[in-house]
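Numbering (my numbering), first residue to last: 4 to 518.
We put the CB at the ideal spot given by N, CA and C, even for glycine.
Treat the numbers as computed from the prediction; the structure is a model and nothing was measured.
One structure is given below, encoded as structure tokens.
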């Protein structure tokens, strides 16, 4: 119990430091991210929603009321819509991205409507950023029906707006996006529900379509995520992508996993088109560990599926594909393992940068740990402590990493993404250092010194990094006080042997300097 008490105690100390640091950031012009619907989504439009790779998404919030009810539903069906980032003042309004539907009308969203992309061109730029939206998946008729009823924009283009505005790494404002604001930005909406792996209807589903073509009440879905990416590349050729110097495929959550699955395929496609661009991958919150929760065999419909089970079922349902080099490592039926970055990474040939919170909220939800919605058991606290260590181990061989010791999900599209730091270096700065290193290697030059891009927090506890996003009460949208956070986390101080009246000043500096 003393160990558990120390864990909880240091967590609280980290929260104090985070709160003080955020107050300092506010004084120096740092932006805060508002959350609507209890989430910090990775979306780029105030009018749309984001649903992430893990079955439930809440961002850096503490669940209350209705969010707890959402968290108790069928996790395998579809995630609850997430909110958007901070709104801009009129003077800061970014140039908008405009919608283009694919020229190949045979490659579609789940419901057969046209797939497409949003594009903001920057004339003269030879740098391209292609962004894959996140949104978990559906993997059976039942889960896809549920998804279509509740989040139709993730399965159909019929309601897509004509324009979108980019935040974070897709912003056209230099003060928000110092190194990529002047690139050509392509946002690819997620409407295939297949973690960007589908290649069209399976033979089985085509057979069912023939059998049911006279049944107007039967809904069949098409899964073409990987084909959508291919067709977007084709449609960008007249826009100048063949003359690109750098093409960076990036995405958050399910979109991040989509980067892992498709980056080498995109590089090969551009090479076949005659492009000489260096193709890079940037994965945000898509580097998941496998679940440790026991599950029922074959994941019956009455039991929520783990991500592994959902992917196993989904690969057959989507006619999904994984990278060839990874697929060759596993026997037939085990290809689902290539959806996990730590198993896929060694087979990749394209440069990759991984952005991952060490205590990703969606990873915790895989283990049925919902921060604030229930009391923590000793086993859950032990899992939380182990999670950070295991993620660090899984990232140890990755060349380029940015991994803060925080409770959150997604980073690249938050308007305040520049405020997060690891060892005094922000994520935009780390990406710039990675860019310089790759350019130096490409031109046989010596890499710049003092410009780090492998950054992993060394402190051990959630929220011990002073730049972590705030934990926010989603009902009031207010940052929690220390005592409110204690209550929301369900911690019983007395049972854990923690004295809230004890003087903790001597430990605050130890926690704050741990990152």
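query = In or out: residue 363 buried (at least 16 other Cβ within 10 Å) or exposed?
reply = buried
inquiry  = Within 10 Å of its beta-carbon, does residue 315 have 16 or more other beta-carbons around it, so buried, or fewer, so exposed?
reply    = The residue is buried, with at least 16 neighbouring Cβ atoms inside 10 Å.
query = How many Å lie between residue 332 and residue 166 at the Cα?
reply = 42 Å
ask   = Where do the ends of the beta strand (DSSP E) carrying residue 281 lie?
value = 281–287
key: Whether residue 113 touches residue 225 by CB criterion (7 Å)   = yes
query = Residue range of the alpha helix (DSSP H) that residue 266 falls in?
reply = 257–275
request  = With DSSP collapsed to three states, give me the class of residue 368.
outcome  = helix
task = Report, in whole angstroms, the separation of the C-beta atoms of residue 130 and residue 186, which I expect to be a contact under 8 Å.
result = 4 Å between Cβ atoms; contact.
query = What number of angstroms, rounded off, separates the C-alpha of residue 124 from the C-alpha of residue 411?
reply = 31 Å
query = So which of 269, 439, 463 has the shortest CA-CA distance to residue 453?
reply = 439
ask   = What's the C-alpha gap between residue 292 and residue 383?
value = 16 Å
task = Give a yes or no on whether the C-beta atoms belonging to residue 201 and residue 339 are separated by under 7 Å.
result = no
inquiry  = Since residue 203 and residue 230 should fall inside the 8 Å C-beta cutoff, what is the C-beta to C-beta distance between them, to a whole number of angstroms?
reply    = 7 Å
Cβ-based burial, residue 480 [other Cβ within 10 Å; buried from 16] = exposed
request  = Express the C-alpha separation of residue 385 and residue 140 in angstroms, rounding to a whole number.
outcome  = 29 Å
message = Let me confirm a value: residue 283 is counted as buried when at least 16 other C-beta atoms fall within 10 Å, else exposed. Which label applies?
response = buried
task = Would you grab the beta carbon distance between residue 119 and residue 102 for me? Rounded to a whole angstrom, and I think it's under 8 Å.
result = 6 Å
ask   = Which word fits residue 419, buried or exposed, when buried means at least 16 other C-beta atoms lie within 10 angstroms of its C-beta?
value = buried
inquiry  = Buried or exposed for residue 179, going by 16 or more other Cβ atoms inside 10 Å?
reply    = buried
request  = Could you round the C-beta distance between residue 105 and residue 238 to whole angstroms and report it? I think they count as a contact, below 8 Å.
outcome  = Correct: roughly 6 Å between the Cβ atoms.
query = For residue 345, which three-state DSSP category applies?
reply = helix
ask   = Should residue 392 be labelled buried (16 or more other beta-carbon atoms within 10 Å of its own) or exposed?
value = Residue 392 should be labelled exposed.
Contact under 7 Å by Cβ, residue 360 with residue 403 = no
task = Take residue 110 and list the residues in its own chain whose beta-carbon comes closer than 7 Å to its own, dropping the five residues that flank it on each side.
result = Cβ within range, chain order: 118, 227, 230, 231, 234.
ask   = Contact check, residue 405 vs residue 458 under 8 Å by CB: the rounded distance?
value = 5 Å
Environment of residue 327 [buried if 16+ CB atoms lie within 10 Å] = exposed
task = Can you tell me which of 248, 177, 191 puts its alpha carbon nearest to the alpha carbon of residue 442?
result = 248
key: Delimiting residues of the alpha helix (DSSP H) encompassing residue 142   = Careful: residue 142 lies outside any alpha helix (DSSP H) and carries neither H nor E.
task = Tell me, to the nearest whole angstrom, how far the beta carbon of residue 122 is from that of residue 100; I am working on the premise that it is less than 8 Å.
result = 6 Å
query = What is the residue span of the alpha helix (DSSP H) that residue 391 lies within?
reply = 381–398
query = For residue 280 versus residue 250, is the C-beta spacing smaller than 7 Å?
reply = It is a contact, given that the beta carbons lie within the stated cut-off.
task = Can you give me the Cβ contacts of residue 116 inside the same chain, cut-off strictly under 7 Å, excluding the 5 residues immediately before and after it?
result = 159, 160, 161
ask   = Since residue 167 sits in a beta bridge, which residues does DSSP pair it with?
value = 100
task = Let me know if residue 451 comes out buried or exposed under the rule of 16 or more other beta-carbons within 10 Å of its beta-carbon.
result = exposed
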